[in-house]
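**Q** Before I ask anything, here is the structure I am working with.
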Amino acid sequence: MNLLNLFGKKTFPRGIHPEGFKEETHDHQARRLPFPAQIILPLSQNIGKPAIPIVHMGQHVRRGELIARADGFMSVPLHASVSGTIKKIDLVPSARGDKEQAIIIQTSLSSTQTHHHGDYQDFEKMSPQALVQAVQDTGMVGLGGASFPTHVKMKIPDDCTIDTIIINGCECEPFLTTDHRIMLEQISFMLRGIRIAMKAVDAPRAIIGVEDNKLNVLEAIRPHLPADDSITIEAVVTKYPQGAEKMLVYSLLGKEIPSGKLPSSIGVAIFNVATLAAIGELLPQRQGLIERIITITGDNLNKPGNYMVPLGTPLSHILKHAEFTGNEAELILGGPMMGMPASFLDTPVKKGTGAVLVLDKRATKRDDVLPCIKCSQCLQVCPINLNPSELGMLATKRKYDVMEEQYHLNDCFECGCCSYVCPSNIPLVQHFRIAKTLNRERHRMEVA
Ligand code: SF4
Ligand code: SF4
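This is the structure in C-alpha cells:
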C-alpha cells in the first residue's frame, strides 16, 4: 500500500508545484480554426520508422485519404488532413532545426473538407489482434506528447497479463488544458476508446486518473460510468510530474514499475485520455487521424484557447488566428517543462503536439549559470530518486558512460524538476538529454 494513499491523498513522493497558468484557457470550449492554405505533414510523426509515401506530385487527395503507409509494425500510416493537391514531397525544417521528409498539400479552398472514412466496424465483435491492427490503421500515436505508436502499446508480451488499464487525464504540465476539455466535451468517445483498449489488452478494469485541479471532470464523467465498476475515475494530487507513467501508477495503485521494465511487467497498460478519445471516435469508422485539439496560450495573444486544427497546420497560421500581437516570442510545442522549442514559423502541428505556448522573449531570458553549491534541492525533487547534482557534474566532465553505468542516467525521463529548482540555473535536464543522445550514438557505433 502506498503510504501517501493511506492518508487519503493519492500521490507520489517528491516532485514540484509550479504555477498552473491554466485559467486562461480551461473554460474555452474547443473551436475549429479556418483551414490553412498549405499543410505540411512530416513522414516521421512517431517513435519508430517514418511512413512511406504512396502519393505523387500533382495528385488530388481527399481529406482522410491514406497518403503514406506504415513501414512495418513500429510505424504508423499518415492520412491527408485536408482535401487538396500534393504540392511536393520534400525536406522541410523540423522543430529541432534539422531537416525531415514531408508531404506538402495545397489546400483546396473551395472544398467542403468533408472527410473520407471506411465502412462501420463493431469493435465488440473484433479479436484483440484485429483491434491492434485497426488501431495501427488509424495512424494513432500517444497524443499526450510521447508519440509512441498506440497499437504497439496494445500488443502485450505473451508472458504478461494486464489487470488494469490506467487512463492518464492528469495534464500536469502548466498552461495545458487540452485533455481537460476532451474529458468534458468527448466523454462518449473517451469511454468507447477505453472499452476498445480494455478489449485489445484483455483487461478487466480501467481507472481514469485526474488531478484534483479538475474536479468538474470527475463530476461530468461519473454519471456515465458503468454500474459494474469496470471503469472508475479517481482524483490524484495536483503535482508535477503526476502524469508521468511511473508516478501515476504509484499514485493510483501503490505499485512501482521496475527500472528498465514496461508497465506490462506489473500488469498495467497506460494510455493518454486524448489518445483513447480519438480511437473511440475513429476506429468504428475506419478513419485515420487527421486533426487534434491543441491549447494555444501564453503572452500577447488576443484569442488564446483550445482549437481543433488539421495535422500539418503551420505555426504562422495558428499565431495569426490566435491574434498574436507581440514582436518577438519564444514558441514551445507542448508545455514549458517538457515541450520542444520551435525555431521556424513553418513548423507544423504534428500528432504529438498538444499545445503551442507563446512566451515573451523578455520573460524567458535565462539568468547566468553559476557553480553547483551542493544545496541538494535537485535531489529532493527528483521523482525517481536520482542524483541530478552528481549527474550534472559528470556531464560537465563528459563522463557520459559513468552517468549511464553508475548513476542510472537512462531512468531519467527528462521531467525537468531538477532544473526548475536549481538556484544556480544549471541546465541539468539539457545536460542529460545530450548525454543520452551521445551514449546512444556510442552504442550504435559499437554495434556497427
Ligand atoms: S530530469 Fe531526470 S534527473 Fe531531473 S528530476 Fe527529472 S527524472 Fe530526475
Ligand atoms: S540544485 Fe543545483 S546547485 Fe543545488 S545541488 Fe542541485 S545542481 Fe547543485
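Just so we're aligned, residue 2 is where the sequence shown starts under our numbering, counting upward by one. Note that CB positions come from ideal geometry on N, CA and C, so glycine has one too. Everything numeric in this text was worked out from a predicted model, so none of it was measured.
What did DSSP end up calling Val133 once you bin it into helix, strand or coil?
**A** Reduced to three states, the DSSP call for Val133 is helix.
**Q** Taking all protein chains shown into account, do 16 or more other C-beta atoms lie within 10 angstroms of the C-beta of Leu346, making it buried, or fewer, making it exposed?
**A** exposed
**Q** Give the DSSP bridge partners of Phe325, in chain order.
**A** Leu302
**Q** Given a threshold of 16 other Cβ atoms within 10 Å of its Cβ, counted over all protein chains shown, does Leu302 qualify as buried or as exposed?
**A** buried
**Q** Could you name the residues that DSSP lists as bridge partners for Glu235?
**A** Gly210
**Q** Are three or more beta carbon pairs between the region 103 to 118 and the region 33 to 46 nearer than 8 Å?
**A** Look at the beta carbons and you see the region 103 to 118 touching the region 33 to 46: at least three pairs across the two are nearer than 8 Å.
**Q** Keeping to the same chain, check which residues put their C-beta closer than 6 Å to that of His322; ignore five residues upstream and five downstream.
**A** Leu34
**Q** Identify the continuous alpha helix (DSSP H) that holds Asn217 and give its terminal residues.
**A** Per DSSP, Asn217 belongs to the alpha helix (DSSP H) from 216 to 222.
**Q** What number of angstroms, rounded off, separates the C-alpha of His27 from the C-alpha of Tyr121?
**A** 34 Å
**Q** Closer than 7 Å: is that where the CB of Pro389 sits relative to any heavy atom of ligand 2?
**A** yes
**Q** With C-beta atoms as the reference, is Lys375 less than 8 Å away from Leu312?
**A** no
**Q** Below 8 Å CB to CB, which residues in the same chain sit around Leu185 once its five sequence neighbours on both sides are set aside?
**A** Asn217, Val218, Ala221
**Q** Please report the Cβ distance between Gly73 and Lys88, rounded to the nearest whole angstrom; I am assuming they are in contact, meaning their Cβ atoms lie under 8 Å.
**A** With a Cβ gap of about 28 Å, Gly73 and Lys88 do not count as contacting.
**Q** Report buried or exposed for Gln130, applying the criterion of at least 16 other Cβ atoms within 10 angstroms of its Cβ.
**A** exposed
**Q** Specify the secondary structure class of Phe124 as computed by DSSP and reduced to three states.
**A** helix
**Q** For Lys200, which residues in the same chain have their Cβ closer than 7 Å to its Cβ, ignoring the five residues on either side in sequence?
**A** Correct list, in chain order: Phe124, Pro129, Leu132.
**Q** Quick check: the Cα distance between Gln243 and Ile163, rounded to an integer number of angstroms?
**A** 22 Å
**Q** Pick from Val274, Gly268, Ala96, Pro259: whose alpha carbon is nearest that of Leu332?
**A** Ala96
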